[in-house]
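Read through the structure below, which is laid out as structure tokens, and then see the notes.
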Amino acid sequence: MKKIAILFCTGLILYSCAKVPLTGRNQLALVSNEEIQPLVDEQYDEVLKKDKVVTNTADGQKVLKVGKRMATAVENYLVSQGYKELADSFDWEFNLLESDQVNAWCMPGGKVAFYTGIMPLTETETGIAVVMGHEIAHAVASHSAERMSNGMAANLGVSALSAAIGQNPSMTQELFLQSVGIGSQLGMLSFSRKHELEADEMGLIFMAIAGYDPREAPIFWKRMLEKENGAAPPEFLSTHPASQTRIDKLNKNMPEALKFYKE
């Protein structure tokens, strides 16, 4: 009986797979973005209530301008590649929040937040586009749903999200927060680094499609490396790859991104 159950779960996991646009990587999809969306709306509203929204400032308007420009370009690209349903699923929102955090994120459905702490490092609209492309890529690649699928498989077994919420709502919420990068758990770090590098690769192309020079991406990460100044934790204990790793990968992917920029 136990063997049958294992085979059934394995089969269900294999069946519940999707492909990441652009990279073509297979990913686990026990949870859909549609199932996550109520949590997204709730958590995004909570963040906007907790932190001071400064989108009406000069920097905030730059974030909004770059976000809208990139969202339009990404949606047009997705439609051209046969992902119209995915493109139509986004309800974009861009906000700048007052905080010393050097961070930005994008929830499923296109709910984006930048923190004022990262703005000095972006320097220009193209710098904002580097970060924006990376964060948008997380949403396009359904990284949050994939992270949550893996977390549910590890913590709750193979079950529907609705059932999981009923059985253990606090764990489900924690898995969601981790899946969008607002939580931390050492067991998920290696998985997160894979997503970060994939988002770098996709984001490089997204900013190029939107008309921003992708060659600015490694320059931005060099600034980030200088800011770290040896203070960053070892890569194996970080949810993000070391900045030099990102720079090397970005330079490797640059010829492909420049094709889109030249077009």
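Note that my numbering has the sequence shown beginning at 1, numbered continuously upward.
Ideal Cβ placement from N, Cα and C applies to all residues, glycine included.
Three or more Cβ pairs drawn from the stretch 119-134 and the stretch 200-210 lie within less than 8 Å of each other, which places the two stretches in contact.
Counting along the chain, the unbroken beta strand (DSSP E) around Leu97 starts and ends at Glu93 to Leu97.
Every beta strand (DSSP E) stretch that sits fully inside the stretch 56-104 and reaches 3 residues is listed by chain position as 93-97.
A straight line joining the alpha-carbon of Pro218 with that of Arg246 spans about 8 Å.
When the beta-carbon positions are compared, Arg215 and Met254 come within less than 8 Å of each other. Spanning the alpha carbons of Glu123 and Val63 requires a straight line of approximately 12 Å. Apart from sequence neighbours up to five positions away, the residues of its chain that approach His240 with a beta-carbon distance below 6 Å are Glu196, ordered along the chain. With a cutoff of 8 Å on beta-carbon distance, Val54 and Thr116 are scored as near each other. Sequence-distant Cβ neighbours of Glu201 in its own chain, meaning closer than 6 Å and more than five residues away, are Asn253. Straight through space, the alpha carbons of Ala18 and Asn76 are spaced by roughly 21 Å.
Taking the Cα of Ala58 as reference, the smallest distance to any Cα among Pro38, Glu34 and Met119 is reached at Met119. Taking the Cα positions, Ala242 is about 27 Å away from Val47. Taken in chain order, the complete beta strand (DSSP E) segments of 3 residues or longer contained in the stretch 102-133 are 104-107 and 111-115. The three-state reading of DSSP puts Val40 in helix, counting H, G and I together. In the three-state reduction of the DSSP assignment, Ala242 falls in the coil class. A Cβ-Cβ distance of about 5 Å is found for the pair Val66 and Glu125, placing them in contact under the 8 Å criterion.
The three-state secondary structure of Ala257, taken from DSSP, is helix. Straight across, the Cα-Cα distance linking Gly60 with Gln43 is about 21 Å. According to DSSP, Val53 shares a beta bridge with Leu97. For the pair Ala210 and Met70, the CB atoms are nearer than the 8 Å cut-off. Here Arg147 is buried. Its C-beta has 16 or more other C-beta atoms within 10 Å. With a threshold of 16 other beta carbon atoms within 10 Å, Asn26 falls short and is exposed. Under the three-state reduction of DSSP, Pro218 is assigned to helix. Pairing Gln244 with Ile36, the inter-Cα distance amounts to about 33 Å.
The Cβ atoms of Ala199 and Val20 do not sit closer than 8 Å to each other. By the criterion of a C-beta distance shorter than 7 Å, Ala137 is surrounded in its chain by Ala199, Met202, Gly203 and Phe206, once the five residues flanking it on both sides are discounted.
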